[in-house]
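Numbering (the working numbering), first residue to last: 499 to 794.
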């Protein structure tokens with residue numbers, strides 16, 4: 499028998515193995531790999547007349563994107579949104595997770611309530627928050643007797659949108675933190691109590707270090723999620739909003755060029771630039787993992 503010859507049983511196992519992984523492989527190729535390659539190709543092209551066909555233009559799109567101040571403004575808007583959403587979403591979720599781990603009446607109900615924003619339709623969330631932020635008849639201005647243009651003032655609109663992002667993601671982060679907290683051995687806390695450590699000392703000396711793998715995962719995924727935000731800004735910020743230029747994300751800008759202006763080549767270039775930026779951020783995060791993450 500040849501060294502590499504398969505037995506009938508091994509052949510059947512190989513056939514069944516390929517049969518099980520083929521749907522996943524086809525899905526990855528059709529829905530992930532091909533669109534990614536096609537996007538890179540389109541970034542070197544200009545859309546033909548009447549939106550038909552692609553004309554190869556080399557790196558002209560990249561020159562235009564880099565020279566356009568709108569690109570850097572949109573990227574800065576995205577980074578500002580990330581600065582608001584990621585830290586606040588993580589800190590608030592961690593505090594809630596720790597509190598809901600304690601013996602608390604109705605904590606299952608509280609967990610459900612905090613997670614509800616994750617299952618709400620983005621359109622419904624945007625409509626509710628636009629009503630809350632409305633300058634004339636919004637709930638916030640009526641309750642606090644103010645006249646603040648929450649989403650039309652360029653100076654504060656990005657903060658208002660970031661708060662919506664924080665509210666929307668708290669439940670998801672909280673569930674991950676609860677899962678991480680349940681993996682920490684209780685013996686550590688019992689030993690700390692015997693040594694006289696306060697609850698605050700236990701939190702910073704035991705919970706935070708041992709929860710660092712979960713925290714790092716949330717930080718990394720939420721940074722990527724914040725840098726690719728689109729639906730929230732698209733539904734909250736109207737095209738006529740005077741603060742749009744100071745709040746639109748780079749994905750929003752891509753949508754404008756690729757689908758509104760039918761300039762798919764320029765839009766694809768914006769996506770490639772964003773992907774490169776995310777790869778750079780992820781690279782530095784991976785470097786920080788060895789210094790900041792503790793595995794028990």
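The C-beta atom is built at its ideal place from N, Cα and C for all residues, glycine as well. From a predicted model like this one, the values you see are computed outputs, not experimental measurements.
Asked: heavy atom of the ligand ATP below 8 Å from residue 566 C-beta; Found: Summarising the ligand content, the structure contains no ligands, and the ligand ATP is consequently not present.
Asked: Cβ-Cβ distance between residue 745 and residue 731 below 9 Å; Found: yes
Asked: Residue 682 (DSSP reduced to helix, strand or coil); Found: coil
Asked: Residue-chain proximity (residue 752, chain C), Cβ-Cβ < 9 Å; Found: This model lacks chain C altogether, as it is built from one protein chain only.
Asked: Host alpha helix (DSSP H) of residue 610 (start-end); Found: 605–617
Asked: Proximity below 9 Å, CB of residue 742 to CB of residue 772; Found: no
Asked: Same chain, Cβ closer than 6 Å to residue 769, neighbours up to 5 away in sequence not counted; Found: 537 and 752
Asked: Alpha-carbon spacing of residue 747 relative to residue 631, whole angstroms; Found: 20 Å
Asked: When 703, 750 and 509 are compared against residue 727, the one with the closest alpha-carbon; Found: 750
Asked: Exposure label - residue 755; buried when at least 16 CB within 10 Å; Found: buried
Asked: Whole-angstrom C-beta distance between residue 710 and residue 646, which should lie under 8 Å; Found: Not really, about 38 Å apart at Cβ, beyond 8 Å.
Asked: Straight-line Cα distance separating residue 617 from residue 608; Found: 15 Å
Asked: Where the alpha helix (DSSP H) containing residue 575 begins and where it ends; Found: 567–599
Asked: Residue 765 vs residue 544 beta-carbon contact at 9 Å; Found: no
Asked: Per DSSP, cross-strand counterpart(s) of residue 537; Found: According to DSSP, which records beta bridges pairwise, residue 537 is partnered with nothing at all.
Asked: CA-to-CA distance, residue 781 to residue 788, given in whole angstroms; Found: 12 Å
Asked: Proximal residues to residue 612 (C-beta, below 7 Å), its chain only, five neighbours per side dropped; Found: 594, 668, 669 and 672
Asked: Backbone secondary structure at residue 503 - three-state DSSP; Found: coil
Asked: Residues that DSSP places opposite residue 519 in a beta bridge; Found: DSSP lists no partner for residue 519.
Asked: Proximity of residue 664 and residue 583 at Cβ, strictly below 9 Å; Found: yes
Asked: Boundaries of the beta strand (DSSP E) in which residue 782 is found, first to last residue; Found: No beta strand (DSSP E) contains residue 782, which is instead part of the alpha helix (DSSP H) from 762–790.
Asked: Distance, residue 515 Cα to residue 504 Cα; Found: 14 Å
Asked: Simplified DSSP state of residue 509, which is helix, strand or coil; Found: helix
Asked: Residue 579 classed as buried or exposed, judged by whether at least 16 other C-beta atoms fall within 10 angstroms; Found: buried
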